[in-house]
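See below for the structure under consideration.
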Amino acid sequence: MHESGLSPFDFAAAAERRAVQSHADRLTARGLKSLQDDEGRVDRWVLKPDGLPWRFDFTKQCIDEGAWSALKGLADDAGWKEAVECQFRGEAINATEGRSVLHMALRGAADDGFQVQGQKVMSDVLQTRHSFLSFADDVRSGAYATCDGGRFTHVVNIGIGGSDLGPVMVHEALVATRLSEERSTDVRFVSNVDPSHLDVTIADLDPAKTLLVIVSKTFTTQETMANAHRALAWLKGELGDQAGHHIAAVTSNVEGAAGLGIASDRVFGFGNWVGGRFSLWGPVGLAIALGSGSKAFLDLLEGARAMDQHFRSADAEHNVPLHLALVEIWNVNFMGHSSRVVLPYAQPLHRLPAYLQQAEMESNGKAVGRDGRPLAWDTHPVVWGEPGTNGQHAFHQLLHQGTQRHPVDFIAFKEPMGGDAHMHHLLLNNAIAQAEAFCMGRGMDAVKLEMEGAGTELSAIQALAPHRCFSGDRPSTFMLGDALNAFSLGALIAAHEHKIFLEGVFWNIYSFDQWGVELGKVLAKQLDEGGDEMSWTPGTAALRQEIQSGH
Ligand code: F6P
Numbered sequence: 002m003h004e005s006g007l008s009p010f011d012f013a014a015a016a017e018r019r020a021v022q023s024h025a026d027r028l029t030a031r032g033l034k035s036l037q038d039d040e041g042r043v044d045r046w047v048l049k050p051d052g053l054p055w056r057f058d059f060t061k062q063c064i065d066e067g068a069w070s071a072l073k074g075l076a077d078d079a080g081w082k083e084a085v086e087c088q089f090r091g092e093a094i095n096a097t098e099g100r101s102v103l104h105m106a107l108r109g110a111a112d113d114g115f116q117v118q119g120q121k122v123m124s125d126v127l128q129t130r131h132s133f134l135s136f137a138d139d140v141r142s143g144a145y146a147t148c149d150g151g152r153f154t155h156v157v158n159i160g161i162g163g164s165d166l167g168p169v170m171v172h173e174a175l176v177a178t179r180l181s182e183e184r185s186t187d188v189r190f191v192s193n194v195d196p197s198h199l200d201v202t203i204a205d206l207d208p209a210k211t212l213l214v215i216v217s218k219t220f221t222t223q224e225t226m227a228n229a230h231r232a233l234a235w236l237k238g239e240l241g242d243q244a245g246h247h248i249a250a251v252t253s254n255v256e257g258a259a260g261l262g263i264a265s266d267r268v269f270g271f272g273n274w275v276g277g278r279f280s281l282w283g284p285v286g287l288a289i290a291l292g293s294g295s296k297a298f299l300d301l302l303e304g305a306r307a308m309d310q311h312f313r314s315a316d317a318e319h320n321v322p323l324h325l326a327l328v329e330i331w332n333v334n335f336m337g338h339s340s341r342v343v344l345p346y347a348q349p350l351h352r353l354p355a356y357l358q359q360a361e362m363e364s365n366g367k368a369v370g371r372d373g374r375p376l377a378w379d380t381h382p383v384v385w386g387e388p389g390t391n392g393q394h395a396f397h398q399l400l401h402q403g404t405q406r407h408p409v410d411f412i413a414f415k416e417p418m419g420g421d422a423h424m425h426h427l428l429l430n431n432a433i434a435q436a437e438a439f440c441m442g443r444g445m446d447a448v449k450l451e452m453e454g455a456g457t458e459l460s461a462i463q464a465l466a467p468h469r470c471f472s473g474d475r476p477s478t479f480m481l482g483d484a485l486n487a488f489s490l491g492a493l494i495a496a497h498e499h500k501i502f503l504e505g506v507f508w509n510i511y512s513f514d515q516w517g518v519e520l521g522k523v524l525a526k527q528l529d530e531g532g533d534e535m536s537w538t539p540g541t542a543a544l545r546q547e548i549q550s551g552h
């Protein structure tokens, strides 16, 4: 922090901020295309962290060394290194809730020595890890059998937000690890309070062969509780009093789970120092282990832990999460971009954009600083995306030719995800081509030349050429993994978690609460209770009337 008590990101006051902005103005005028001519760009802007199967390419971000050192000056002023150590020391950095933020301990090893506000936690973490992974393996092998002594063929995970998005994203991503299995366990996910979600998910399931996993940090979330009660009734309809044998729960509220009649040896707990959206590394990831086995789960943890170690030890110039965070800050606060697009060129990562939406937007979508005052600068951009190449046939038109620029994160892998190497090349070449097109575009001269070459008439060239030009100068980061597996995925997710943390430090906001989800819940509850004593806006009153009248 500055001596004045201002965050270095206090845009109104900081001279440093003006210095960074002057770099942004200079580089905007110069353009991303022209930066590609700078010598040594690949050496400087491609990071390949030791021991991690990733290559992070920032060459197509509109940034240069001058801009970086000004940005890094802001990061140093914000004390990013010390902030990281505070988090890893287990201090209560989630100040609005008085909690530590130590999801890294869930993927830690015995000698990592994590402490939460002075209390050692690794022995509990390892014990819980052992018990939920053993349970998962027992279910998969049939050692933990159904009421009638058979094997569980299906698992239904019931949870929402962090109790759904992390597990489902990773489960889907690891599809390849399951392809070779002789008999896999079919894991499904139900999150929405829309009853059709549960209906459709269990329509073809036999309760006698299905395990329910109810996941809720608080065990009070309306959607999850409603789905859990309904699913329990479905189980009871077939299994009667034995239904409890087909249920497990994951929660910080162990008493809440006991209230639902779930046996304590199938309730897996975790501390309130793990935020819901950062919780997949512990028992919240039970569905991942049920689907892909404990070995894959442990690999996931190892990959994330390797990224933790990189984050803590790498200097600024080689630090991947710091680059991800500062590039985001650069794009939002200095280049004026208001969204970021996540494009996994990997179909198994189709839930990654949704997962990152919660992790990033629920953490850093804030407008009040740590001092309780309104911020004078923007915080998190909108995160959105779809797997490539599907997006190319949907919204890429806007990304290439729209009036606003939306920085893109490409995520791709060298090794094929499926059996066909040729198709994988098609996929990768599309990703490379898109990144190149965003950066370099295609100018009027080239378009005209091409049309002339194709024998187009002059009048048609004049009419059509402007529509066929691409401005270029549209930034992207290209993250290339060796292969999509549990280890590489763990590292990728952890890199984003650390990015989120750093951005909170730079924006001077509290990243680990989510008060912004509360008001809607309160109003929905009032509506559930009748809502007649409330004064609703005319539109809302009319809407309620319309629904109540059944028309
Ligand atoms: O309403 C938002 C939220 O609290 C998220 O932060 C959380 O991941 C989700 O709801 C689910 O909460 P729980 O795990 O307590 O059911």
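When you line the sequence shown up against the working numbering, it's residues 2 to 552, in that order. Quick reminder that beta carbons are idealized off the backbone N, C-alpha and C, glycines included.
Where does residue i fall in DSSP's three states?
i, result
"H338", "coil"
"R56", "strand"
"N553", "In this structure the chain extends from 2 to 552, so residue 553 is not present and cannot be described."
"V21", "helix"
"S280", "coil"
"L103", "coil"
"T202", "helix"
"S477", "strand"
"F471", "strand"
"N273", "coil"
"T328", "Residue identity differs from the one stated: residue 328 is Val in this sequence, not Thr. DSSP places V328 in helix when its eight states are reduced to three."
"F414", "strand"
"P375", "strand"
"S5", "At S5, the pLDDT of 44 sits below 50, so the modelled position is not reliable and the matter cannot be decided from this model."
"G456", "coil"
"N193", "coil"
"G67", "helix"
"R184", "coil"
"R443", "strand"
"N509", "coil"
Does residue i come within less than 8 Å of chain B when only Cβ atoms are used?
i, result
"G272", "No chain B appears in this structure, which consists of one protein chain only."
Taking 7 Å as the line, does the beta carbon of residue i fall inside it for any heavy atom of ligand 1?
i, result
"G277", "yes"
"S217", "yes"
"V518", "yes"
"G272", "no"
"I161", "yes"
"S164", "yes"
"T147", "no"
"Q358", "no"
"E363", "yes"
"T225", "yes"
"T222", "yes"
"Q515", "yes"
Run through the DSSP bridge pairs and tell me what residue i is partnered with.
i, result
"I215", "I159 and A250"
"V321", "Answer by DSSP bridge pairing: none, since V321 is not bridged."
"W385", "V342"
"V117", "Q120"
"L48", "F57"
"G482", "W55 and F414"
"V268", "A250"
Using a threshold of 8 Å, state whether the C-beta atoms of residue i and residue j are closer than that.
i, j, result
"P196", "E239", "no"
"T186", "V157", "no"
"W46", "D58", "yes"
"G473", "M441", "yes"
"P382", "V343", "no"
"F335", "H104", "no"
"A244", "A487", "no"
"A249", "V285", "no"
"N95", "D514", "yes"
Taking 7 Å as the cut-off, is the CB of residue i close to at least one heavy atom of ligand 3?
i, result
"T97", "Although ligand 3 was asked about, the structure shown includes only ligand 1 as ligands."
Subject >> At least 3 beta-carbon pairs within less than 8 Å: the region 74–89 vs the region 491–498 >> reply: no
Subject >> Stretch pair the region 154–171 + the region 186–198: three plus CB contacts closer than 8 Å >> reply: yes
**OP:** Determine contact between the region 398–411 and the region 431–446, defined as no fewer than three beta-carbon pairs at a distance below 8 Å.
**Re:** yes
Subject >> Contact between the region 383–397 and the region 528–536 (3+ Cβ pairs under 8 Å) >> reply: no
Subject >> Contact between the region 29–37 and the region 283–297 (3+ Cβ pairs under 8 Å) >> reply: no
Subject >> Stretch pair the region 309–317 + the region 231–245: three plus CB contacts closer than 8 Å >> reply: no
Subject >> Sufficient close CB pairs (3 or more, under 8 Å) joining the region 168–179 to the region 107–115 >> reply: no
Original post:
Are three or more beta carbon pairs between the region 369–378 and the region 341–358 nearer than 8 Å?
Top reply: no
Original post:
At a cut of 8 Å, does the region 263–270 reach the region 223–232 through at least three beta carbon pairs?
Top reply: no
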